[in-house]
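K.L.:
Protein chains in written order, with our numbering: chain Z, 122 to 773; chain C, 3 to 357. Structure below; questions to follow.
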């Protein structure tokens, strides 16, 4: 109650000014109010001094000078911007408003709001500090005066910067925006209204949760995290907890502004899946807020932490369902699994239909091959037609692959066959080696491609007339159509001619197109080549009916990292990646656009671990490790294995 | 936009005749109208290495003496071009400069003018929270005959720009006015800051980066203290004081007190004490191994590097006050610094293996 008395004084002073307006010198009254507010809030604003620590973080030069904190509890709890402690100082001192210094310890951190709670070891007399009194955030209006207060220029006096509240609900609903000048001079200090109440704690926030907001200093775009929002979590922060942003685990069909919030995918093992959210559900409310667009759903989740339980109302089949999800900080990595089958060529079904057979006869996915010692071994047979899996109907190989990929290894998958039989397969781990044998896929009696569309051809891509490259197209396609291996030859080591000589026989035998674009830059392919690659692949899909699920990129040596970048940027164009490089850090693999790596040579344990954690079902082929490796050294067996692997990329 | 906001704000109450009649302008519009004729644009040397060849100043005498910031623009002396708010041009020479305050006074060739001006005797004090207007030719936006631009601001703080003892990185002694608007831009230096009554309270300083916060700082030199200096400079009886150089070496080092610090491995290695020599001044004062030295004579020492430079500035033979952090407590100690003849020459460390 002491604080409310304290704040009553400037408020009445300011009001007194307003009623005394004779003549109406508004400017003078406002000036008096600014000064009164600064004086009133000063006992809540402390200076933070740090010792030790580092100079730079994320490549930014960190400020080494004093910064600001806001007292939020009389016993010495102080909130500050995590940016002020980004140098990870050895020791933190608090300079109290009366000039005395005391030590302080870091307690918890609010990661999404980038605030850290400190506890100052206050002297027995309390140090003369007074906790900030939060403004009711609902009563804060855009356009209200907002005064940013810091204690960096001098220890004795606070520094002020005057502006207005520019917006509310910014940064995923976590912050108030102001045009007061917000910089290291006041990060961690309070943004105060004209009655001396604290609207929020100033912090350099960015929408993506990064720490880059410092670039916006003094730009007229500043943020403050509402103190009222933080009150409920102060005890958790005081207990040393690190609060993280909460994630649900759904993606939307479209992120465009006018799109409906319809769930496209539900991440396996995610809170959304546990809550019973299904693809196709339309979100109606999220955490009590009505949502009509995907970004509104994100905004509704923004203020919530991992561990928070949120209510979702979804519309499914015209009915509304109420679901409850407990958010998590990190979605569990996708754990790919394997049934151990190859689907039959879908074109057969089309042909069957064209030949007038009954629709029932072509429904489902026919099994073309069952790999030995897999989940399907002994459960399914070649020729079986799967029409339902885990209760979902199956019409194409993609359907079955999606159902299998969403379930971790060990899941018992109930399969229904077209003949009415049921079977249960216990899903296994994806293979780590290339199978020694794949079904003989080329039908030598089938019609070959016309001579002008097969063999060695120049690569000509519409819209990229200046670019060149070469194609080697086999005469006949195998099961499921032609495969495609796009090759990035490492600089100088291998020309397209060499490559076609080495890979050509196997590719002809297995029905795989080889595509060798020439780099425009003599140093090799660059991220700027992406549009060219995308256009070339689209052409392959149109001309040769090559499916993305049968498309792989080959890049080793100096092109390995580039190859990773290309496939991860254009996930919908590729399924496979052949490389000898395994990055130490990887974005999580997504079940619906999964990338399957084939490594030339056994990857080191840390790379295996990184790929496993990010959900990449990699396989590898053994090669001789003596001397310097280059593509020219690949054995015929290795080349055969690479090409064979491309033909079974659609394995389910 | 800033100008528009200013005009809008003064529109609120400029209609009130009581204010205009009182003889004291208190609306932003009235203050602006009164101030603009006293502000000048300055064109001189520069243009190389991104340095602007223009600046801002203000009149301090009827004859047309101009006060401005002392900087490279004035290297064009004696052909410094001053443009009045109505477009009239005066050729000026550099009359006097005060490098320690960063001030200069220009004098026009002609002496037949009677111009509106700020009287140095009426310069006013300013305090944090005060609303002010800043006038300057920032970015040379006022390229033709038109007057300079006006910005609104609030004085954020009155404080030392950089309180580092022994070396003032900003080169500006004493407190300055910190402003909460982007007032310090190319060409702004020398522009006047006036309060809501139209009194001169500050002079915009040259562009600086604040070492403490690692951001560019918007500040002005307080006018209150420079009126006399400007008058003296105008009357040609000003003698610039040469700024005394401060010796940073030659003073005591930690070893002279009998303390060995942990190895200084990174830029911000904190000043932990590794060992204290028995029978040394440090031991007598109660310094212990494991202590973290946080303050010397009340000044924060965030790193060993700064501890050394601060200690070096301490007078030999005098006591120095230390505060150390020990088990979460701040413990004050007073250490007797040896006389100058007892300091290690050359400065040296204690041997690390001595226990």
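Even for Gly, the Cβ is constructed at its ideal location relative to N, Cα and C.
1. Look at residue 195 (chain C) and residue 210 (chain C) and say whether their C-beta atoms are less than 8 angstroms apart.
2. Is the CB-CB distance between residue 646 (chain Z) and residue 682 (chain Z) below 8 angstroms?
3. Where does residue 191 (chain C) fall in DSSP's three states?
4. Would the beta-carbon of residue 628 (chain Z) fall within 8 angstroms of that of residue 635 (chain Z)?
5. Residues of chain Z with a CB under 8 angstroms from the CB of residue 271 (chain C): which are they?
6. Of all the CB atoms in chain C, is at least one closer than 8 angstroms to the CB of residue 149 (chain Z)?
7. Should residue 706 (chain Z) go down as buried or exposed, given a rule of 16 or more other Cβ atoms within 10 Å for buried?
8. Hey, does residue 275 (chain Z) have any beta-carbon neighbour from chain C nearer than 8 angstroms?
9. Are residue 289 (chain C) and residue 335 (chain C) touching if we call contact CB-CB under 8 angstroms?
10. Between the segment 284–317 of chain C and chain Z, which residues of the former have a C-beta closer than 8 angstroms to a C-beta of the latter?
11. Tell me whether residue 150 (chain C) sits in a helix, a strand or coil according to DSSP, three-state version.
12. Can you pull the chain C neighbours of residue 214 (chain Z), defined as C-beta to C-beta under 7 angstroms?
13. Between the Cα of residue 655 (chain Z) and those of Z:669, Z:550, Z:599 and Z:565, spot the shortest distance and give me the residue it belongs to.
14. In the segment 267–307 of chain C, which residue ranges form an unbroken alpha helix (DSSP H) of at least 4 residues, counting only runs that do not cross its ends?
15. State yes or no: is the C-beta of residue 609 (chain Z) within less than 8 angstroms of the C-beta of residue 684 (chain Z)?
16. Listed in chain order, which residues of the segment 331–349 of chain C have Cβ atoms closer than 9 angstroms to some Cβ of chain Z?
17. Using a Cβ-Cβ cut-off of less than 7 angstroms, list which residues of the segment 123–137 of chain C approach chain D; keep chain order.
18. Taking a contact to mean a Cβ-Cβ separation below 8 angstroms, would you say residue 555 (chain Z) touches residue 740 (chain Z) in this structure?
19. What runs of the alpha helix (DSSP H), each 4 residues or longer, lie entirely inside the segment 154–204 of chain Z?
20. Run the CB neighbour count on residue 666 (chain Z), radius 10 Å, all protein chains shown included, and call it buried at 16 or more, exposed below.
21. Between the segment 539–547 of chain Z and the segment 558–568 of chain Z, do at least 3 Cβ pairs fall closer than 8 angstroms?
22. In chain order, what residues of the same chain have a beta carbon less than 7 angstroms from the beta carbon of residue 25 (chain C), not counting five sequence neighbours either side?
23. Report the partner residues of residue 120 (chain C) according to the DSSP bridge assignment.
24. Tell whether a beta-carbon distance below 8 angstroms holds between residue 276 (chain C) and residue 291 (chain C).
25. For residue 574 (chain Z) and residue 602 (chain Z), I'd like the C-alpha separation in whole angstroms.
26. Here's the rule: buried if 16 or more other CB atoms are within 10 angstroms of the residue's CB, otherwise exposed. What is residue 693 (chain Z)?
27. If you draw a straight line from the C-alpha of residue 256 (chain C) to the C-alpha of residue 275 (chain Z), how long is it?
28. Does the beta carbon of residue 437 (chain Z) sit closer than 8 angstroms to a beta carbon anywhere in chain C?
29. So, does the CB of residue 268 (chain C) fall closer than 8 angstroms to a CB anywhere in chain Z?
30. Can you check whether the CB of residue 96 (chain C) is closer than 8 angstroms to the CB of residue 117 (chain C)?
31. Would you call the segment 387–398 of chain Z and the segment 409–420 of chain Z in contact, with 3 or more CB pairs under 8 angstroms?
32. Is DSSP giving residue 338 (chain C) helix, strand or coil here?
33. Quick check on residue 282 (chain Z) - is its C-beta less than 8 angstroms from some C-beta in chain C?
34. What are the boundary residues of the beta strand (DSSP E) that includes residue 537 (chain Z)?
35. For residue 302 (chain Z) and chain C, any beta-carbon pair shorter than 8 angstroms?
36. Which of helix, strand or coil does DSSP assign to residue 442 (chain Z)?
P.N.:
Quick answer:
1. No.
2. Contact: no.
3. If DSSP states are grouped into helix, strand and coil, residue 191 (chain C) belongs with coil.
4. The Cβ atoms of residue 628 (chain Z) and residue 635 (chain Z) lie closer than 8 angstroms to each other.
5. Per Cβ cutoff of 8 angstroms: 173.
6. Cβ-Cβ to chain C under 8 angstroms: yes for residue 149 (chain Z).
7. Here residue 706 (chain Z) is exposed, its C-beta having fewer than 16 other C-beta atoms within 10 Å.
8. It does; some Cβ of chain C falls within 8 angstroms.
9. The answer is yes: Cβ separation under 8 angstroms.
10. For the segment 284–317 of chain C, which is checked against every Cβ of chain Z, the residues closer than 8 angstroms are 294, 296, 297, 302, 303, 304 and 305.
11. Assigned with DSSP and collapsed to three states, residue 150 (chain C) falls in coil, not helix or strand.
12. The contacting residues are 296.
13. The shortest C-alpha separation from residue 655 (chain Z) is found at Z:669.
14. Runs of the alpha helix (DSSP H) lying entirely within the segment 267–307 of chain C and spanning at least 4 residues, in chain order: 283–287.
15. Yes; because the gap between Cβ atoms is below 8 angstroms, this pair is in contact.
16. Using a CB distance below 9 angstroms, the part of the segment 331–349 of chain C facing chain Z consists of 331 and 332, ordered along the chain.
17. In the structure shown, chain D does not exist; the protein chains are Z and C.
18. Yes, the Cβ-Cβ distance between residue 555 (chain Z) and residue 740 (chain Z) is below 8 angstroms.
19. If we require 4 residues or more, the segment 154–204 of chain Z turns out to have no alpha helix (DSSP H) run fully inside it.
20. Residue 666 (chain Z) is exposed by the Cβ-count criterion.
21. The segment 539–547 of chain Z vs the segment 558–568 of chain Z: no contact.
22. Note that residue 25 (chain C) scores 45 on pLDDT, short of 50, meaning its location in the model is unreliable; the coordinates nonetheless yield the value given after this. Counting only Cβ-Cβ distances below 7 angstroms, and skipping sequence neighbours, we find nothing.
23. None, per the DSSP bridge assignment.
24. Judged by their CB atoms, residue 276 (chain C) and residue 291 (chain C) are nearer to each other than the 8 angstroms cut-off.
25. Spanning the two alpha carbons is a distance of roughly 15 angstroms.
26. Residue 693 (chain Z) should be labelled exposed.
27. Answer to the nearest angstrom: the Cα atoms are 29 angstroms apart.
28. No, residue 437 (chain Z) lies away from the interface with chain C (no Cβ there is under 8 angstroms from its Cβ).
29. Contacts with chain Z at 8 angstroms (Cβ-Cβ) include residue 268 (chain C).
30. Not a contact, by the Cβ cut-off of 8 angstroms.
31. No, they do not touch.
32. In this structure, residue 338 (chain C) counts as strand in the three-state DSSP scheme.
33. Put simply, the CB of residue 282 (chain Z) is near chain C, with a gap under 8 angstroms to one of its CB atoms.
34. Segment 533–538, the beta strand (DSSP E) holding residue 537 (chain Z).
35. Yes, its Cβ sits closer than 8 angstroms to a Cβ of chain C.
36. Here residue 442 (chain Z) sits in strand by DSSP.
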